[in-house]
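Beneath this line is the structure, given in structure tokens, with notes to follow.
Numbering (this note's numbering), first residue to last: 50 to 544.
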């Protein structure tokens, strides 16, 4: 599989695209005025403790107070069993929030979820510092290995290296990332040393910091992309900024020896995203409807509570029978759904309404295809079996706003409903408003200002009704179109 990473840098916005076999799979955006705060560590102050919610609101210097649940407050470190594994903690219930925090208390917290919609950032006191191959878990004795490393011998080797070098020397816990698979002991030791220096610097800053101050900030988007997305199977990283390209090469040479040669500067006259068709893909990713090659299509609706995806056969008639047509469409839809979730960065609860299938084996194959297609997704996801109603429920971890929420805002004309009142509906609202105004105020003539679509309908199709209304009220009514008025907007002026 051919995979490339494209980095587009402008003065106020940086974008990173992951392209696999010529198809855009992921898009990450960072704007100078609205940079994400996930991963940042702050010195905060408990603003309010909410016993009923088992949570607290913490002031960390952002626009809105952040949210900290009792379950996200660090527990005492587990006791090592001497073999590099942590002793399992008993499944004790979370202590009451009133026993863990008090109002006005200073606290060191890390952001695990950006502010989304009207909700503030989500916090944890279980700090973690990522590097190329490892994640540092300060003040714990935990050693874990990414579940995506499936070879048991390699898992044992990595755990042994970390248990021997890291836990014994530094007294911290670590999680081994997927990128560490096959890496020599020296590379892991370099990461341990780097994380040790980073944590020592954080501890120094915590002492001197005031409430609401940031004591640790994650890398910029291009650096994070190289750290987290750069693997041996990535063919190249193309950067359209010479300065950023040099920074990435230096960073890669220090932390990823050998991979820095894959980072190259793109100096073409044509914008890099245009060259790869990324701009067109971004525009299509904002549409509700996603066409399938077979002629079918998906309809994606994102709401506050969940995302729903409806699968339709469209013009695809198939060649054998209806069941086979439905099965083939659902298989293609499963692949497309996985890609759209990554591309649009959709998270939370997701409901997929595949076309009804009567064959249980077809259902199993569609689920397998969905799970297989989700395997390359960096975000953690869980797919459940078909429900009695034929729906597939799944979850996908969400840490930042979706692509649509980052690039769009609710329609000012329809207030985010996605629909507008018809000219007919607005016409009858105008008639009712005219009667209401005449009964309240004394005037001989009335002027109605509305959108051209509504005025045309009134003068063409409702002229008789207008004449009857004028006779009933004993008033003269004139209609004036105005291009500045939306279809639902109108004013009744008394003259």
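Note that CB positions come from ideal geometry on N, CA and C, so glycine has one too.
If you measure between the beta carbons of residue 530 and residue 501, is that distance less than 8 Å? Counting from one through the chain shown, the residue named residue 530 turns up at place 481. Counting from one through the chain shown, the residue named residue 501 turns up at place 452. Residue 530 places its beta carbon less than 8 Å from that of residue 501.
Distance, Cα to Cα, residue 393 vs residue 521? Counting from one through the chain shown, the residue named residue 393 turns up at place 344. Counting from one through the chain shown, the residue named residue 521 turns up at place 472. When only Cα atoms are considered, residue 393 and residue 521 end up about 56 Å apart.
Since I believe residue 240 is in contact with residue 180 (beta carbons under 8 Å), could you give me their beta-carbon distance rounded to a whole number of angstroms? Position 131 of the chain shown holds residue 180. Position 191 of the chain shown holds residue 240. Confirmed, about 5 Å.
Can you tell which of 109, 303, 318 and 337 has the C-alpha that lies nearest to the C-alpha of residue 173? Locating residue 173 in the chain shown gives position 124, where the first residue counts as 1. It is 109 whose Cα lies nearest to the Cα of residue 173.
Go to residue 61, then tell me how far its beta strand (DSSP E) extends in each direction, as first and last residue. Counting from 1 along the chain shown, the entry for residue 61 is found at position 12. Here residue 61 belongs to no beta strand (DSSP E), and DSSP marks it neither H nor E.
In whole angstroms, give me the CA-to-CA distance for residue 516 and residue 112. Along the chain shown, one-based indexing puts residue 516 at 467. Along the chain shown, one-based indexing puts residue 112 at 63. Each residue's Cα considered, the two are about 55 Å apart.
Report all residues from its chain with a CB closer than 6 Å to the CB of residue 338; omit the five preceding and five following residues, and keep chain order. Counting from 1 along the chain shown, the entry for residue 338 is found at position 289. Only 346 and 348 meet the Cβ criterion.
Is it right to say residue 487 is buried, meaning 16 or more other beta carbons lie within 10 angstroms of its own, or is it exposed? Residue 487 sits at position 438 when you count from the first residue of the chain shown. Buried, by the Cβ-count rule.
Tell me which residues share the same chain as residue 175 and place their Cβ nearer than 6 Å to its Cβ, disregarding the 5 neighbours each side in the sequence. The residue given as residue 175 occupies position 126 in the chain shown. Excluding positions up to five away in sequence, the list reads 123.
Determine which residues share a DSSP beta bridge with residue 170 and list them. To locate residue 170, count along the chain shown from 1; it is residue 121. Checking the DSSP bridge columns, you'll see residue 170 has no partner listed.
In or out: residue 307 buried (at least 16 other Cβ within 10 Å) or exposed? For this step, residue 307 is matched to residue 258 along the chain shown. Exposed is the call here.
Pair within 8 Å by beta-carbon distance, residue 542 and residue 495: By one-based count along the chain shown, residue 542 stands at place 493. By one-based count along the chain shown, residue 495 stands at place 446. Taking 8 Å as the cut-off, the beta carbon of residue 542 is found closer than this to the beta carbon of residue 495.
Decide yes or no for the touch test of the stretch 432-452 against the stretch 396-405: beta carbon pairs closer than 8 Å, at least 3 of them. Between the stretch 432-452 and the stretch 396-405, the count of Cβ pairs shorter than 8 Å is three or higher; the stretches touch.
If you measure between the beta carbons of residue 483 and residue 539, is that distance less than 8 Å? As a first step, residue 483 is located in the chain shown; it is residue number 434 there, counting from the start. As a first step, residue 539 is located in the chain shown; it is residue number 490 there, counting from the start. Taking a C-beta distance under 8 Å as the contact criterion, residue 483 and residue 539 do not qualify as a contact pair.
Residue 278, enclosing alpha helix (DSSP H) - first and last residue: Locating residue 278 in the chain shown gives position 229, counting from the first residue. Counting along the chain, the alpha helix (DSSP H) containing residue 278 begins and ends at 270-278.
Applying the 10 Å Cβ sphere with the 16-neighbour rule, what's the burial state of residue 102? Along the chain shown, one-based indexing puts residue 102 at 53. Exposed.
Counting C-beta neighbours from all protein chains within 10 Å, is the total for residue 493 16 or more, i.e. buried, or is it exposed? The sequence position of residue 493 within the chain shown is 444, counting from 1. Around the C-beta of residue 493, fewer than 16 other C-beta atoms lie within 10 Å, and the residue is accordingly described as exposed.
Quick one: what does DSSP say residue 193 is sitting in, helix, strand or coil? Along the chain shown, read from residue 1 onward, the residue named residue 193 stands at position 144. Of the three classes helix, strand and coil, the one that applies to residue 193 here is strand, per DSSP.
Just to confirm, are residue 57 and residue 322 a CB contact at a threshold of 8 Å? Within the chain shown, residue 57 is the residue found at index 8, counting from 1. Within the chain shown, residue 322 is the residue found at index 273, counting from 1. Yes. Within cutoff.
Own chain partners of residue 259 with C-beta closer than 8 Å, once the 5 adjacent residues on each side are dropped: Position 210 of the chain shown, counted from the first residue, corresponds to residue 259. The answer, listed in chain order, is 92.
Please report the straight-line C-alpha distance between residue 329 and residue 232, rounded to a whole angstrom. As a first step, residue 329 must be located in the chain shown, where it is residue number 280. As a first step, residue 232 must be located in the chain shown, where it is residue number 183. Here the C-alpha atom of residue 329 lies approximately 38 Å from the C-alpha atom of residue 232.
Where residue 486 sits in the DSSP three-state scheme: Position 437 of the chain shown, counted from the start, is the residue given in the question as residue 486. Reduced to three states, the DSSP call for residue 486 is helix.
Give a yes or no on contact between the stretch 179-199 and the stretch 218-230, applying the rule of three or more CB pairs nearer than 8 Å. The stretch 179-199 is in contact with the stretch 218-230.
Looking only at DSSP bridge pairs, what is residue 455 linked to? By one-based count along the chain shown, residue 455 stands at place 406. Paired residues: none, contrary to the question.
Bounding residues of the beta strand (DSSP E) (the contiguous stretch that carries residue 79): For the purposes of this step, residue 79 is identified with residue 30 of the chain shown, where counting begins at 1. Residue 79 -> beta strand (DSSP E) spans 72-80.
Considering just the uninterrupted stretch of the beta strand (DSSP E) at residue 92, what are its terminal residues? What you label residue 92 is simply residue 43 of the chain shown in a count that begins at 1. Start and end: 90-99.
Quick one: what's got a C-beta closer than 8 Å to residue 467's C-beta in the same chain, skipping five residues either side? Reading the chain shown from its first residue, position 418 is the one you call residue 467. Result list for residue 467: 460, in chain order.
Taking the continuous beta strand (DSSP E) assigned at residue 444, which residues delimit it? Locating residue 444 in the chain shown gives position 395, counting from the first residue. Residue range 441-445 is occupied by the beta strand (DSSP E) that includes residue 444.
Helix, strand or coil for residue 265? Go by DSSP, reduced to three states. What you label residue 265 is simply residue 216 of the chain shown in a count that begins at 1. Here residue 265 sits in strand by DSSP.
Can you give me the Cβ contacts of residue 514 inside the same chain, cut-off strictly under 6 Å, excluding the 5 residues immediately before and after it? Sequence index remark: in the chain shown, residue 514 carries index 465 (1-based). Correct list: empty, nothing qualifies.
Which residues does DSSP pair with residue 527 in a beta bridge? Within the chain shown, residue 527 is the residue found at index 478, counting from 1. Per DSSP, 496.
Count the other C-beta atoms from every protein chain shown that fall within 10 angstroms of the C-beta of residue 491, then say buried if there are 16 or more, exposed otherwise. Here residue 491 corresponds to residue number 442 of the chain shown, with the count starting at 1. If you draw a 10 Å sphere on the C-beta of residue 491, you find fewer than 16 other C-beta atoms in it, and that means exposed.
Output the distance between the C-alpha atoms of residue 60 and residue 333, rounded to the nearest integer angstrom. Mapped onto the chain shown, residue 60 falls at position 11. Mapped onto the chain shown, residue 333 falls at position 284. Residue 60 and residue 333 have their alpha carbons spaced roughly 25 Å apart.
Would you mind stating whether residue 309 and residue 298 have Cβ atoms separated by less than 8 Å? Here residue 309 corresponds to residue number 260 of the chain shown, with the count starting at 1. Here residue 298 corresponds to residue number 249 of the chain shown, with the count starting at 1. Yes, they are a contact pair.
Other residues of its chain near residue 263: CB distance less than 6 Å, five sequence neighbours each side excluded: Walking along the chain shown from the start, residue 263 turns up at place 214. Cβ neighbours of residue 263 beyond the five flanking positions: 89 and 91.
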